[in-house]
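In the numbering used here, the protein residues as written are 5 to 348.
Every residue, glycine too, gets a C-beta built ideally from N, C-alpha and C.
Quick notes on the structure that follows.
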């Protein structure tokens, strides 16, 4: 090609960035893989706000990239995916990486891949985009075996959700908890065999939600965890166990625990042990106020009773036929006691 008959000024950094901002996120990520010379790319890409999500279910093993204003990008890692005409699907095997745009009725033949690619993809995208992993959702019934799961390494995520209809084994649950390490919120909605070995380090998180009975976990073991908030649904805990929990808390244990809600699987009657317990000098009057759990939930504590921790903290508790709650107050304001809202 002949040279231009007039001088062309050299493109500035701003010019490069302006051009790159015109590309979609999936194009920019592809450029980063095929060209190491695009020096302006990281600056442009990191302006995009979003997060990563990992999903292992009957649809396959999929890494979702969620960006504001951009349709979800799905990075599929095996051949069990549902075609979505509005999604970008990246398929990977041992030798090549192909990107298919399924918007023109182009048939897609999925390529099988090993779970280890999920970890390598997460690592690459975290470094490139500076995005965090928001959630890891796993149905153990769709794991070929725990050896494959061992290749799924997630150092940190906000939510780990384990769900399913079958009972999960001790080995499977341990493998998941070991490989998805630091989690802010742990949600367990699957039955677990009673022989599950309780290891505090595996269950440590800020919030723990168990939606199925947990025979392997008793209330006294909660003091061994670093969690601050607990919710147990369909629980087989007994009222006496809840009372014992409060007594241990008053003796100085569990200073970091803020919230405990137990929803009994079977209706409980108010056990006689409660009445003499209320005569304890550390139990004060009814507190007519409420606990703001989050922007949608207000916990009425009018019929609750207050107790004091050795550190001076005040908590309110109540036993009803279908639930038990225990909340620690942090801000004392007039007749309404509340703390900074959090979402469960």
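DSSP beta-bridge partners of residue i
i, result
"residue 161", "187"
"residue 211", "189 and 233"
"residue 130", "In DSSP, residue 130 forms no bridge with anything."
"residue 135", "According to DSSP, which records beta bridges pairwise, residue 135 is partnered with nothing at all."
"residue 320", "310 and 331"
"residue 173", "Note: residue 173 sits in no beta bridge, so no partner."
"residue 239", "268"
"residue 140", "58 and 164"
"residue 196", "172"
Nonlocal neighbours in the same chain, by C-beta distance under 6 Å from residue i, ignoring five residues either side
i, result
"residue 219", "198"
"residue 140", "58, 158, 161, 164 and 184"
"residue 349", "Because the chain spans 5 through 348 in this model, residue 349 falls outside it and cannot be assessed."
"residue 32", "49"
"residue 187", "161, 164 and 209"
"residue 215", "193 and 237"
"residue 61", "143 and 146"
Buried versus exposed call for residue i [16 or more other C-beta atoms within 10 Å across all chains shown]
i, result
"residue 142", "buried"
"residue 307", "exposed"
"residue 189", "buried"
"residue 54", "buried"
"residue 25", "exposed"
"residue 243", "buried"
"residue 323", "buried"
"residue 211", "buried"
Chain-order list of residues whose beta-carbon lies under 8 Å from that of residue i (same chain, five-residue window excluded)
i, result
"residue 269", "217, 238, 239 and 240"
"residue 137", "55, 56, 57, 58, 126, 130, 158, 160, 161 and 162"
"residue 248", "223 and 224"
"residue 151", "Any reading at residue 151 is ruled out, since the residue's pLDDT is 37, under 50, leaving its predicted position unreliable."
Check whether residue i and residue j have beta carbons under 7 Å apart
i, j, result
"residue 196", "residue 235", "no"
"residue 256", "residue 223", "no"
"residue 71", "residue 52", "yes"
"residue 260", "residue 227", "no"
"residue 191", "residue 177", "no"
"residue 233", "residue 252", "no"
"residue 229", "residue 207", "yes"
"residue 156", "residue 123", "yes"
7 Å Cβ cutoff, residue i in contact with chain E
i, result
"residue 183", "Among the chains of the structure shown, chain E does not appear; only one protein chain is present."
Close beta carbons around residue i, own chain, < 7 Å, minus the five adjacent residues each side
i, result
"residue 168", "143, 144, 145 and 194"
"residue 174", "197, 199, 200 and 201"
"residue 318", "310, 312 and 333"
"residue 250", "311, 321 and 330"
"residue 315", "259"
First through last residue of the beta strand (DSSP E) which encompasses residue i
i, result
"residue 168", "No beta strand (DSSP E) holds residue 168; DSSP gives it neither H nor E."
"residue 265", "263 to 268"
Range of the contiguous alpha helix (DSSP H) that encloses residue i
i, result
"residue 259", "Run containing residue 259: none; DSSP gives neither H nor E here."
"residue 216", "From DSSP, residue 216 is part of no alpha helix (DSSP H); its letter is neither H nor E."
"residue 24", "17 to 24"
"residue 156", "Element bounds for residue 156: n/a, residue is neither H nor E."
Residue i CB to nearest heavy atom of the ligand GDP below 6 Å
i, result
"residue 128", "As presented, the structure is devoid of all ligands, the ligand GDP included, so that no description of it is given."
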